[in-house]
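Report on one structure; see the data block that follows.
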Amino acid sequence: MSKRKLIPLFIPHAGCPNACVFCDQRKITGMDTPVTPEMVQEQIREGLSHAGEGCEVAFYGGSFTALLPETQEALLGAAAPFLRSGEVRALRVSTRPDAIDEQVCIRLRAYGVKTVELGCQSVDDRVLELSGRGHTGADIIRAARLLKREGFSLILQMMTGLPGDDGAASRRTAQTLAALKPDGVRIYPTVVLKGTELERQLLLGSYREHRVEDAVPLCAELYELFLAAGIPVIRLGLNPTEDLSGGEAVAGAYHPALGELVLSELFLRRARTLLREKTLPEGAVLSVHPSRISVMVGQKRRNLRILQGEFGLKWIKVVPGGEELWEIALKNV
Numbered sequence: 070m071s072k073r074k075l076i077p078l079f080i081p082h083a084g085c086p087n088a089c090v091f092c093d094q095r096k097i098t099g100m101d102t103p104v105t106p107e108m109v110q111e112q113i114r115e116g117l118s119h120a121g122e123g124c125e126v127a128f129y130g131g132s133f134t135a136l137l138p139e140t141q142e143a144l145l146g147a148a149a150p151f152l153r154s155g156e157v158r159a160l161r162v163s164t165r166p167d168a169i170d171e172q173v174c175i176r177l178r179a180y181g182v183k184t185v186e187l188g189c190q191s192v193d194d195r196v197l198e199l200s201g202r203g204h205t206g207a208d209i210i211r212a213a214r215l216l217k218r219e220g221f222s223l224i225l226q227m228m229t230g231l232p233g234d235d236g237a238a239s240r241r242t243a244q245t246l247a248a249l250k251p252d253g254v255r256i257y258p259t260v261v262l263k264g265t266e267l268e269r270q271l272l273l274g275s276y277r278e279h280r281v282e283d284a285v286p287l288c289a290e291l292y293e294l295f296l297a298a299g300i301p302v303i304r305l306g307l308n309p310t311e312d313l314s315g316g317e318a319v320a321g322a323y324h325p326a327l328g329e330l331v332l333s334e335l336f337l338r339r340a341r342t343l344l345r346e347k348t349l350p351e352g353a354v355l356s357v358h359p360s361r362i363s364v365m366v367g368q369k370r371r372n373l374r375i376l377q378g379e380f381g382l383k384w385i386k387v388v389p390g391g392e393e394l395w396e397i398a399l400k401n402v
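Under the numbering used here, read the sequence shown as residues 70 to 402, first letter to last.
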């Protein structure tokens, strides 16, 4: 999926019928002010001054289609003049699987919504129940298939490290989501936020923290699964905010560069596979796409140190080479 210019409009908690144990949208988005139609128009004008014409407007943060129908229509209607003028190309919304039906699809289409992001989190019913989601795995499959059938571009969101998930549920979730053939996925390792039910469970010892060192290898595995299915991973980890970096993220897999850590692990695994197939001299030269050199090298040259130790090499160099983003080649020394 090509990267598109977006004007994000956050509606934290709006429409959410459940209090998920991990959730505090104000801390995740850095906002706690309800969005009005006037604010929608003001923020679109501001966004257009930076993004330019032809961008998308995205309603993020809450469960948009769980809002009252008249509220949905007021917010979508506020964006309508920008659609008619061509300044905005399309709208997208994020929502819950149990807040999607045929009538909702009709409303969204009528107001110019092209993309729906579905917060799935897990397809495992026990994990969903322990997380307070209030819907089932079957709801996810039904909603995703309906949205695809109705012609929407579909983005699916999942989480790793939720209560009751030892990694196996995340793998099953990724396999199920990939089979639904979305246009993209987002992967969010669980972060424990101050004041949430999940923090209480962590302090009581009933929830085991999903640490960065747990999330990175698991997410690298899931990333490979989606790549093999031809599905882009468009986000990995929460977007850093002042609240999260300032102490509101009390535990869990929060890291400002989590996506880079996961890609680095992915390239480390691919390099291992490549080097195992060769008889090597004292060193090796790995060729990767120019944009992937830093993730191949790893933070503080971690990947190179690991590979040198595992394969008994005195040195490894990484040079710019292939045209494919995910390709690693071993050059003649």
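Every residue gets a Cβ at the ideal spot worked out from N, C-alpha and C, and that includes glycine.
Since the model is a prediction, treat every value here as computed from it, not as a measurement.
Residue environment, residue i, which counts as buried when at least 16 other CB atoms sit within 10 Å
i: Gln389; result: The sequence shown places Pro at residue 389, not Gln. Pro389 is exposed by the Cβ-count criterion.
i: Gly352; result: exposed
i: Gln141; result: buried
i: Glu393; result: exposed
i: Asn308; result: exposed
i: Arg374; result: exposed
i: Pro359; result: exposed
i: Leu144; result: buried
i: Ile97; result: In this prediction, Ile97 has a pLDDT of 49, which is less than 50 and means its spatial position is unreliable; nothing more can be read from the coordinates.
i: Asp297; result: It is Ala, not Asp, that sits at residue 297 in the sequence shown. Exposed: under 16 other Cβ atoms inside 10 Å.
i: Pro251; result: buried
i: Gly299; result: exposed
i: Glu268; result: buried
i: Ala398; result: exposed
i: Gly131; result: buried
Presumed contact (8 Å Cβ cut-off) between residue i and residue j, rounded CB distance
i: Cys189; j: Leu246; result: 7 Å
i: Val302; j: Ser333; result: So it is not a contact: roughly 14 Å between Cβ atoms.
i: Leu271; j: Glu278; result: 6 Å
i: Arg165; j: Glu125; result: The Cβ separation is near 21 Å, so there is no contact.
i: Leu344; j: Tyr292; result: Their Cβ separation, rounded to whole angstroms, is 20 Å, which puts Leu344 and Tyr292 out of contact at 8 Å.
i: Ala213; j: Leu249; result: 5 Å
Start-to-end residues for the beta strand (DSSP E) that takes in residue i
i: Phe128; result: Cys124 to Tyr129
i: Val173; result: Not the beta strand (DSSP E): Val173 falls in the alpha helix (DSSP H), residues Glu171 to Ala179.
i: Arg226; result: The question names Arg, but residue 226 in the sequence shown is Gln. Counting along the chain, the beta strand (DSSP E) containing Gln226 begins and ends at Ser222 to Thr229.
i: Gly321; result: Ala318 to Gly321
i: Pro389; result: Trp384 to Pro389
Reduced DSSP category for residue i - H, G, I as helix; E, B as strand; rest coil
i: Gly352; result: strand
i: Phe133; result: helix
i: Arg304; result: strand
i: Phe79; result: strand
i: Thr164; result: strand
i: Gly253; result: strand
i: Leu399; result: strand
i: Val285; result: helix
i: Ala88; result: coil
i: Ala298; result: coil
i: Arg277; result: coil
i: Ala159; result: strand
Span of the alpha helix (DSSP H), counted from its first residue to its last, around residue i
i: Glu186; result: Segment Val182 to Gln190 is the beta strand (DSSP E) holding Glu186; no alpha helix (DSSP H) there.
i: Val260; result: Here Val260 belongs to no alpha helix (DSSP H); instead the beta strand (DSSP E) covers Val260 to Leu262.
i: Phe151; result: Pro138 to Ser154
i: Val109; result: Pro106 to Ala120
| query | Should the stretch 247 to 256 be called in touch with the stretch 216 to 231, which here means at least 3 C-beta pairs below 8 Å? | reply | yes
| task | Count the C-beta pairs between the stretch 367 to 383 and the stretch 308 to 323 that are closer than 8 Å, then say yes if the count reaches three, no if not. | result | no
| message | When you compare the stretch 198 to 218 with the stretch 146 to 159, are there three or more beta-carbon pairs, one atom per stretch, that lie closer than 8 Å? | response | no
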